[in-house]
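Each residue of the sequence shown is one higher than the one before, starting from 241 at the first, in our numbering. Glycine residues also receive a C-beta, built at the ideal position from the N, C-alpha and C atoms. Down below is the structure, laid out as structure tokens.
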Amino acid sequence: MKKLSFRALVSLVIGSQIGSGVFLLPASLAILGPISLFGWLISGVGAILLALVFSQLSLRLPQSGGPHVYMERAFGKTAAFYTAWTYWVVSWMSSIAVILAAVGYLSSMISIASPAMMLLAEILIITTISLINMRGAGVAGSLELFLTILKCLPLIVIPIAGLFYLRPEYFAWTASTNTLQSLNTASLMTFWGFIGLESATVTAGIIENPSKAIPRAVIMGTIAVAAIYFLNSIGIMGIIDPQILAHSSAPYVDAAHALFGLGWHTVIACIAFIVCIGTLNAWVLTSGQMAKEAGTAGLFPSIFGKTNRFGAPYVSLSIALCCTLPLLCLTLTPNILHQLNEIIDISVTIFLFVYLGCSCAFLKILSQEKGSLFYRCIGWLAVAFCVWALSYITLKHLAIGALFLASGLPIYLWQERKKRQQIIAS
């Protein structure tokens, strides 16, 4: 089985984090003004703290699986199961938003008029990505490396070009009714862009020299993402009037128009489509590997752990695909955009709980090892960041997140019953 190279691993970390949201965030943040740049700094520091936590966890526990492996070591199999279950379910559910965004950008390049054609395009995209991943980690990793290079080039070139045309007056400080609230809002909005920073830890079994590669990839990838995001915010905010930017439906198209003239809509749409496909591929790869490892560890039914001749978890990939397709059919409803925003908010809530749990697991493991004071401080700061972020989540989203957690109860009880039967039989 061909394994992921270090370059492919870094591209997986970057690709998991940089999604279609990067093209819309400048407009959303423009409403808050220049304070949004400080929001990027706060969320970036929080993401780097979490990257340090995951890098140290992967160094101590280099097994495949990521978050659920760390939770099992610190808190036992029950905590590990629910971590693995919610991570897996939310991973393939969140991909629906990415698929819709990809088809939306595709439809601006080619004519996709009817809802039925849109649905067909969505099904073809997720099916193709799933089939590519069934060819093994080497093929999927090479694709991710290629897509990451393609999507990062314009995200670096456009803002750097914008730095030469910055208008200082666009960064003028505007009095806010509640500066602290605006800062909190900006920090939370921008943190959404870092979800997926832990993706490399899930794939240890398909990586060359995981104990060295994973810590480096997690930290390097997250720092690179933070730098790209911050550079893009400065570059875009500095060349477009804040009032225009706040109401823009395509900030990067407006930026390209300002820098290079008209006629860039199709090019930007193509770039955005590539970004979406790269993110989708990263999440399909990560969620498939995580479910496989959970099946191998006995947390999920053993069928999840089956692999084909390419070493790919074809069963877990097929199950996720079969779960995704019916939900794509629901996107034909008129209020789908509202539903997708809800899914994204709920997904982030659950990921924050996973990050909080892993940070607590890190602290417990450090206490058992009598680890260094430096990393204990890192762990506590990561916990504080997650608690702060969760304190601004609505009760509604917390309740729905709890339902996602509870949805795994039948599988958990089934697995426990099988274990008891095996003990009795032996």
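Q. Excluding the five sequence neighbours on either side, which residues of its own chain have a C-beta within less than 7 Å of the C-beta of S427, listed in chain order?
A. G279, I282 and S283
Q: Give me the Cα-Cα distance between R407 and W332, rounded to the nearest whole angstrom.
A: 42 Å
Q: Reducing DSSP to helix, strand and coil, say where L264 ends up.
A: coil
Q: Please list, in chain order, all residues of the same chain as S587 whose beta carbon is under 6 Å from its beta carbon, the five residues on each side excluded.
A: V330 and S334
**Q.** L244, DSSP secondary structure in three states
**A.** strand
Q: In angstroms with no decimal places, state the Cα-to-Cα distance between A498 and I480.
A: 8 Å
Q. Can L630 and L596 be called in contact, C-beta distance under 8 Å?
A. yes
Q.
According to DSSP, simplified to helix, strand and coil, what is I447?
A. strand
**Q.** Exposed unless 16 or more other CB atoms sit within 10 angstroms - verdict on I400
**A.** exposed
**Q.** Contact check, F544 vs G376, beta carbons under 8 Å
**A.** no
Q: Please go through the segment 267 to 324 and give each complete beta strand (DSSP E) segment of 3 or more residues, from N-terminal end onward.
A: none
Q) Considering only the beta carbon of each residue, do G641 and I584 sit closer than 8 Å? A) no
Q) So does the segment 514 to 524 actually touch the segment 304 to 322, counting three or more Cβ pairs closer than 8 Å? A) no
Q: Rank I396, V594 and E312 by C-alpha distance to the C-alpha of L437 and give the top, closest one.
A: V594
Q) Roughly how far, in whole angstroms, is the beta-carbon of L289 from the beta-carbon of A622, given that I think they are within contact range, below 8 Å? A) 4 Å
Q | Which listed residue (G501, K452, I396 and E533) has its alpha carbon closest to that of Y310 | A | E533
Q) For the alpha helix (DSSP H) that contains W654, what are its first and last residues? A) L649 to A665
Q: Taking L649 as the reference, give the member of S354, V250 and W325 with the closest Cα.
A: W325
Q. Would you call the CB atoms of A453 and I459 closer than 8 Å?
A. no
Q | In chain order, each alpha helix (DSSP H) run of at least 4 residues that lies wholly inside the segment 423 to 497 | A | 439 to 442, 450 to 477 and 482 to 486
(Q) For I369 and Y327, I'd like the C-alpha separation in whole angstroms. (A) 20 Å
Q. Going by alpha carbons, who is nearest to A270 out of Y410, A531 and K243?
A. Y410
**Q.** Burial state of E582, where buried means 16 or more other Cβ atoms lie within 10 Å
**A.** exposed
Q. From which residue to which residue does the alpha helix (DSSP H) around K749 run?
A. The question about residue 749 has no answer, for the chain in this structure spans 241 to 666.
Q | CB contact flag (T564, I336, <8 Å) | A | yes
**Q.** 8 Å contact criterion, which A342 and F614 should meet: CB distance rounded
**A.** At roughly 42 Å, the Cβ-Cβ gap does not stay under 8 Å, so A342 and F614 are not in contact.
Q) Of the choices T462, I559, S422 and I664, whose alpha-carbon is the least far from that of S295? A) T462
Q. Counting pairs of beta carbons, one from the segment 380 to 396 and one from the segment 245 to 257, are three or more of them closer than 8 Å?
A. yes
Q. In its own chain, which residues sit with a C-beta less than 6 Å from the C-beta of F434, not counting the 5 before and 5 after it?
A. Q257 and A287
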